[in-house]
Structures are given as structure tokens and as C-alpha cells.
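Numbering (my numbering), first residue to last: 249 to 425.
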């Protein structure tokens with residue numbers, strides 16, 4: 249191979265490595281739970297107000313994380329034992345997010361149909377989680393719908409609590425090397 253061909257090959261190799269270096273794989277874990285704390289807020293939302301992105305992917309289209317590898321197992325168990333809380337979901341998946349971009353929106357729902365919405369990561373100089381999830385206990389009777397809609401900057405490998413008077417979410421995002 250001539251030097252000139254080698255240099256061209258080397259440059260294309262560096263460009264290929266650099267383009268893949270912008271992708272980062274994350275483990276995303278969520279615990280969704282009801283909370284029975286007294287409050288004085290009045291909730292009048294009776295239909296879904298979720299601001300759905302153009303494309304939303306099913307969580308099962310991503311690699312799922314086994315329960316043994318979930319880091320919020322202790323929190324899930326502690327919430328399950330408390331009288332004032334009822335756990336609804338505990339799930340984790342792996343997802344790639346490119347640098348300086350919005351990750352794919354992943355649908356979050358439970359079998360009972362009382363939880364519905366999406367979770368999304370935004371990666372730039374800082375990392376943000378975007379959550380738009382609703383809890384509707386009487387979904388078939390046209391009852392009240394409770395919405396947790398938040399965009400929050402966060403630190404990796406830390407557990408974050410997203411609060412609503414009727415339900416809450418524990419979220420943890422960790423990079424996978």
C-alpha cells in the first residue's frame with residue numbers, strides 16, 4: 249500500500265471512529281408509584297394532554313435490563329412495603345443517544361392502562377430528561393387524569409424524584425461503557 253493510500257485509509261478510519269464516539273449507551277430505569285399524601289390541590293383534567301412527539305417507540309423495542317441488574321430494586325421494595333404508596337411500574341432498558349441531540353421517545357405504560365406517556369433524553373452540554381406521563385385511575389369512566397410533565401437537567405448515576413401530588417417517579421440514568 250502506498251503512503252498516500254494509507255493516509256486516506258487512516259483519515260477515513262478516524263472519521264468512522266469519531267462518528268461512533270458521539271453515540272452513548274445508557275441504562276434508563278424508572279419506578280412509577282402512587283402516593284396517598286393529603287393535599288388541597290384541585291385536579292380538573294379529564295382527558296389526555298400529553299404532547300406526543302412525532303415518533304414514539306415501544307419500550308420493548310429496546311434491550312431490556314434484567315431485574316438483577318436494576319439499581320432501584322431497594323427503592324422499589326421499600327415503596328412496596330409502605331402503606332401510603334402503591335408501586336405501579338419498575339422497568340429498565342438500554343438506549344443509545346447521540347451527542348447534541350434528542351433521544352428517541354420511549355412509551356411508558358402499564359398493563360392496567362392507568363399509566364401512559366413517554367420518557368426521553370436530550371443530550372448536549374448537559375443532559376436533560378423529558379417526562380410526560382399521565383395517571384388515570386378511572387380511565388374507562390372519564391375520571392380525573394393526573395399529569396406529570398417535566399424537563400429536568402440531571403446528573404448521571406443519581407436517583408431523581410419527579411413529584412406529583414398523586415403519583416411519583418424515581419428515575420436513574422447511567423452510562424454503559
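Glycine residues also receive a C-beta, built at the ideal position from the N, C-alpha and C atoms. Model, not experiment: these values are computed from the prediction.
How about residue 276: is its Cβ closer than 7 Å to a heavy atom in the ligand FAD? What this structure holds is no ligand at all, so the ligand FAD is not there to describe.
Coarse secondary structure for residue 398, derived from DSSP in three states: strand
Beta-carbon separation of residue 392 and residue 294 under 8 Å? yes
Residue 384 burial status per 10 Å Cβ neighbour count (16 or more: buried): buried
Taking buried to mean at least 16 other C-beta atoms within 10 Å of its own C-beta, is residue 285 buried or exposed? exposed
By alpha-carbon positions, which one of 333, 275 and 364 ends up nearest to residue 311? 275
Proximity of residue 453 and residue 380 at Cβ, strictly below 8 Å: The question about residue 453 has no answer here: the residues shown for the chain are numbered 249 through 425.
Is there contact here, the region 342-355 with the region 314-323, by at least three beta-carbon pairs under 8 Å? no
Helix, strand or coil for residue 323? Go by DSSP, reduced to three states. helix
With C-beta atoms as the reference, is residue 349 less than 8 Å away from residue 303? no
In chain order, what are the residue ranges of uninterrupted beta strand (DSSP E) at least 3 long that sit wholly in the region 274-347? 304-306 and 333-346
Could you check which residue in 419, 423, 347 and 425 has the C-alpha nearest to that of residue 339? 419
Taking residue 415 and residue 281 to be in contact with their CB atoms under 8 Å, please state how far apart those CB atoms are, rounded to whole angstroms. 6 Å
According to the neighbour-count rule (16 or more other Cβ atoms, all chains shown, within 10 Å of its Cβ), is residue 406 buried or exposed? exposed
Opposing strand residues paired with residue 357 [DSSP bridges]: 364
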